[in-house]
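*Asks:* Submitted below is the structure of interest, expressed as structure tokens.
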Amino acid sequence: MVYTKVNSLDEANYDTLQWLPENAPYVEVDPEKIKIIETPTEFYDKLLCLIREAKERIVISTLYLGCGSYEEALVDELEKALDMNPNIKMSILMDYLRGTRGGAKSSSVVLLKRLMPLASVYLFHTPCLRGLKKMILPERVNEVIGLQHMKLLLFDNHVIFTGANLSHIYFTNRRDRYILIENCPQLADFVDSLVEAVGSCSFMLNVRGITSLAEKCDVHPFKGSFEAYKSMLHSRVMSALNAFSKQSDSRSTFTTGTRIYPLLQMGIVSINQEFEFLKNLLSLQNPQLSLTVSSGYFNFTDCYIDLVAKQNSFEMDIVYASPQANGFYQASGLFGFIPLMYVYISHLFYKMIGPNIRLFEYNRPGWSYHAKGLWIDSKQSSLLATMIGSSNFGHRSVHRDLEAQFLIITCDEKLKVKLQEERSRILDYAIKVGTATFLRRDHFVPFWIRLISRFIRNYF
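Numbering (the working numbering), first residue to last: -12 to 447.
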């Protein structure tokens, strides 16, 4: 695609593009400050570097922290940061269920309790797991009810958007996405306040590795009133969004040609920014658009499936993990059959779509696939956009988990090239899906998996 050079978003016909988030706050960013991190190793090295350089604050939101040597070295650096900078603020938000899985010997809290009491370690527990479900669902299975899934990394005023968790496989051979925004105080303050908002509604870790309710958590997540807890969480997250919106509204002109929109998705508290944006985008009949969508786990929500199946206007490429690159490949027990459930779901979808929709399986020997997001091209303007974050665009992403996405829109030539190259590196290992794909032995789905997939797909 050929773009004409422009100097601002006004000149790029920004306000005429129907797919933009409606009335959503944004921050204007110098495109030179946006860096694409290419590999898991580079991601890990950058994390260590940013921790060492941080002087004022380190704020981390992740699903969980692993317990291996990579993670231990990471916590070593966090410990050093606390020692060298007595006034540094350090906040870490994880999911309670995933973060405590494995108990006293192998859970995330084993390493993180070393940071106490100088750091604040929050563990969010979904309010949806309560009562009988809380009593009978075993460890790991209970995670299907809902998770804290946001992946945000903040070091002073530098922010990394990613879909990666903080575990050794994400630092070695699991393909993901990572975008660093350098020196953006407004965005950094928003990430900080968002993590604090969710953290204040969570459990906290102490020096003994024991959890108790955060001081400001006025309603217990699974013992207190369900509606009262949701109201508390909604109010605090919206306060963070509203504060960001007030700063955003003060801007009246564009100068850099690049904007970043936060798009939160927290269906349990009726915050649906990402869902509304994607519904609008996928419902457009605009031949000037083309989309590339990526998810580690292909399991679109029914609403997205219906919209894509009816889409006959613009081209769309959808990239997802092959069975061998799926995060559940060769997992123990029944979890090892989950990749075949995704094969079945993708086959059903394949039979619904038109020729303008193409499916691709990511298959790189020795690697798993976890990259999430989308890229938007527009022939009617010089803009390129990408969305990056934690969502897999499935039912649980929309309705069960806490997700954070960021939409980056730019008309800067250098940044557009970098984003296109990022997409190309993914497609280099992607194989187009056709009828023959589902006839292969590794895509054979037993009847019992096809049967139960209809009932359990909304939990994965």
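Don't be surprised by glycine CBs; every beta carbon is placed ideally from N, CA and C.
Please state whether the Cβ-Cβ distance between A227 and S180 is less than 8 Å.
*Replies:* Residue mapping note: residue 227 aligns to position 240 of the sequence shown, counting from 1. Residue mapping note: residue 180 aligns to position 193 of the sequence shown, counting from 1. A contact, by the Cβ cut-off of 8 Å.
*Asks:* Look at the alpha carbon of K20 and the alpha carbon of H136, and state the distance between them as a whole number of angstroms.
*Replies:* Numbered from its first residue, the sequence shown carries residue 20 at position 33. Numbered from its first residue, the sequence shown carries residue 136 at position 149. Each residue's alpha carbon lies about 26 Å from the other.
*Asks:* Rounded to whole angstroms, what's the CA-CA distance from K22 to H357? Just pull it up for me.
*Replies:* As a working mapping, residue 22 is identified with position 35 in the sequence shown. As a working mapping, residue 357 is identified with position 370 in the sequence shown. Cα-Cα distance, rounded: 20 Å.
*Asks:* Using beta-carbon positions only, say whether Y284 and F148 come within less than 8 Å of one another.
*Replies:* Here residue 284 is taken as the residue at index 297 of the sequence shown, counted from 1. Here residue 148 is taken as the residue at index 161 of the sequence shown, counted from 1. No, the pair does not count as a contact, with Cβ atoms beyond the cut-off.
*Asks:* Report the residue from G254, S257, V256, F264 whose alpha carbon sits nearest the alpha carbon of Y248.
*Replies:* Indexing the sequence shown from 1 puts residue 248 at position 261. Answer by Cα proximity: F264.
*Asks:* Restricting to Cα atoms, I'd like to know which of N343, G133, E408, Y165 is closest to G381.
*Replies:* As a working note, residue 381 is residue 394 in the sequence shown. Cα-wise, what sits closest to G381 is G133.
*Asks:* According to the neighbour-count rule (16 or more other Cβ atoms, all chains shown, within 10 Å of its Cβ), is F431 buried or exposed?
*Replies:* If you number the sequence shown from 1, residue 431 lands on position 444. Result: exposed.
*Asks:* Taking the beta strand (DSSP E) that Q252 belongs to, which residues open and close that run?
*Replies:* For the purposes of this step, residue 252 is identified with residue 265 of the sequence shown, where counting begins at 1. Residues 245 to 253.
*Asks:* For M122, does the count of other Cβ atoms within 10 angstroms reach 16, so buried, or fall short, so exposed?
*Replies:* What you label residue 122 is simply residue 135 of the sequence shown in a count that begins at 1. Burial call: exposed.
*Asks:* Please list the terminal residues of the continuous beta strand (DSSP E) segment that includes G360.
*Replies:* For this step, residue 360 is matched to residue 373 along the sequence shown. Counting along the chain, the beta strand (DSSP E) containing G360 begins and ends at 360 to 365.
*Asks:* Do L192 and M103 have their C-beta atoms closer together than 8 Å?
*Replies:* If you number the sequence shown from 1, residue 192 lands on position 205. If you number the sequence shown from 1, residue 103 lands on position 116. Yes, these two residues count as a Cβ contact at 8 Å.
*Asks:* Would you list, in sequence order, the uninterrupted alpha helix (DSSP H) runs of no fewer than 4 residues that lie entirely inside the region 312 to 352?
*Replies:* Whole alpha helix (DSSP H) segments, 4+ residues: 325 to 337.
*Asks:* When the Cα atoms are used, what is the spatial distance from T26 to G150?
*Replies:* Taking the sequence shown and counting its residues from 1, the one referred to as residue 26 is at position 39. Taking the sequence shown and counting its residues from 1, the one referred to as residue 150 is at position 163. Each residue's Cα considered, the two are about 13 Å apart.
*Asks:* Nearest-angstrom Cα distance between L426 and S257?
*Replies:* As a first step, residue 426 is located in the sequence shown; it is residue number 439 there, counting from the start. As a first step, residue 257 is located in the sequence shown; it is residue number 270 there, counting from the start. Approximately 41 Å, taken between the alpha carbons.
*Asks:* Cα separation between G323 and L34?
*Replies:* As a first step, residue 323 must be located in the sequence shown, where it is residue number 336. As a first step, residue 34 must be located in the sequence shown, where it is residue number 47. Those two C-alpha atoms are separated by around 31 Å.
*Asks:* Leaving aside the five residues before and after T3 along the sequence, list all residues of the same chain whose C-beta is less than 6 Å from its C-beta, in chain order.
*Replies:* Walking along the sequence shown from the start, residue 3 turns up at place 16. In this predicted model, T3 has a pLDDT of only 49, less than 50, meaning its place in the structure is not dependable; the value taken from the coordinates is given anyway. Answer for T3: no residue qualifies.
*Asks:* Exposed or buried, which one is K405 when buried takes at least 16 other CB atoms within 10 Å?
*Replies:* Position 418 of the sequence shown, counted from the start, is the residue given in the question as residue 405. With 16 or more other Cβ atoms within 10 Å, it is buried.
*Asks:* Using the Cα positions of Y416 and T113, report the straight-line distance between them to the nearest angstrom.
*Replies:* In the sequence shown, residue 416 corresponds to position 429, counting from 1. In the sequence shown, residue 113 corresponds to position 126, counting from 1. So the two alpha carbons sit approximately 36 Å from each other.
*Asks:* Rounded to the nearest angstrom, what separates L269 and N299 at their Cα positions?
*Replies:* What you label residue 269 is simply residue 282 of the sequence shown in a count that begins at 1. What you label residue 299 is simply residue 312 of the sequence shown in a count that begins at 1. The alpha-carbon atoms of L269 and N299 are separated by roughly 11 Å.
*Asks:* Identify the continuous alpha helix (DSSP H) that holds A184 and give its terminal residues.
*Replies:* Taking the sequence shown and counting its residues from 1, the one referred to as residue 184 is at position 197. Counting along the chain, the alpha helix (DSSP H) containing A184 begins and ends at 172 to 186.
*Asks:* Given this structure, state the Cα-to-Cα distance separating F30 from S187, to the nearest angstrom.
*Replies:* Numbered from its first residue, the sequence shown carries residue 30 at position 43. Numbered from its first residue, the sequence shown carries residue 187 at position 200. If you take the alpha carbons of F30 and S187, they lie about 29 Å apart.
*Asks:* With a threshold of 6 Å on Cβ separation, who are the neighbours of E302 within its own chain once the five nearest residues in sequence on each side are excluded?
*Replies:* Indexing the sequence shown from 1 puts residue 302 at position 315. Taken in chain order, the residues that qualify are S277, N343.
*Asks:* Which runs of the alpha helix (DSSP H), 4 residues or longer, sit entirely within the region 383 to 443?
*Replies:* List check, alpha helix (DSSP H) in window: 400 to 414, 434 to 443.
*Asks:* Taking Cβ positions only, does L250 come closer than 8 Å to chain B?
*Replies:* Protein chain content of the structure displayed is limited to a single chain, and chain B is not contained in it.
*Asks:* Rounded to whole angstroms, what's the CA-CA distance from L141 to T422? Just pull it up for me.
*Replies:* Residue numbering aside, residue 141 sits at position 154 when the sequence shown is read from its first letter. Residue numbering aside, residue 422 sits at position 435 when the sequence shown is read from its first letter. Distance between the alpha carbons of L141 and T422 is about 44 Å.
*Asks:* Which residue wins for smallest C-alpha separation from G353, given the options S309, I45, L402?
*Replies:* Counting from one through the sequence shown, the residue named residue 353 turns up at place 366. Selected option, being the one with the closest Cα: S309.
*Asks:* Which residues bound the beta strand (DSSP E) around R44?
*Replies:* As a first step, residue 44 is located in the sequence shown; it is residue number 57 there, counting from the start. It spans 44 to 48 - the beta strand (DSSP E) in which R44 sits, taken as one unbroken run.
*Asks:* Is the beta carbon of F347 sitting closer than 8 Å to the one on V420?
*Replies:* Taking the first residue of the sequence shown as position 1, residue 347 is located at position 360. Taking the first residue of the sequence shown as position 1, residue 420 is located at position 433. Contact flag set, yes.
*Asks:* Specify, as a first and last residue, the run of the beta strand (DSSP E) that A372 falls within.
*Replies:* Mapped onto the sequence shown, residue 372 falls at position 385. That run of the beta strand (DSSP E) goes 371 to 376.
*Asks:* Less than 8 Å separating the beta-carbons of R117 and F209?
*Replies:* As a first step, residue 117 must be located in the sequence shown, where it is residue number 130. As a first step, residue 209 must be located in the sequence shown, where it is residue number 222. Yes. Within cutoff.
*Asks:* By how many angstroms is the C-alpha of D304 removed from the C-alpha of Q367?
*Replies:* Here residue 367 corresponds to residue number 380 of the sequence shown, with the count starting at 1. Here residue 304 corresponds to residue number 317 of the sequence shown, with the count starting at 1. When rounded, the distance between both Cα atoms is 19 Å.
*Asks:* Counting pairs of beta carbons, one from the region 169 to 176 and one from the region 369 to 384, are three or more of them closer than 8 Å?
*Replies:* Touching, no.
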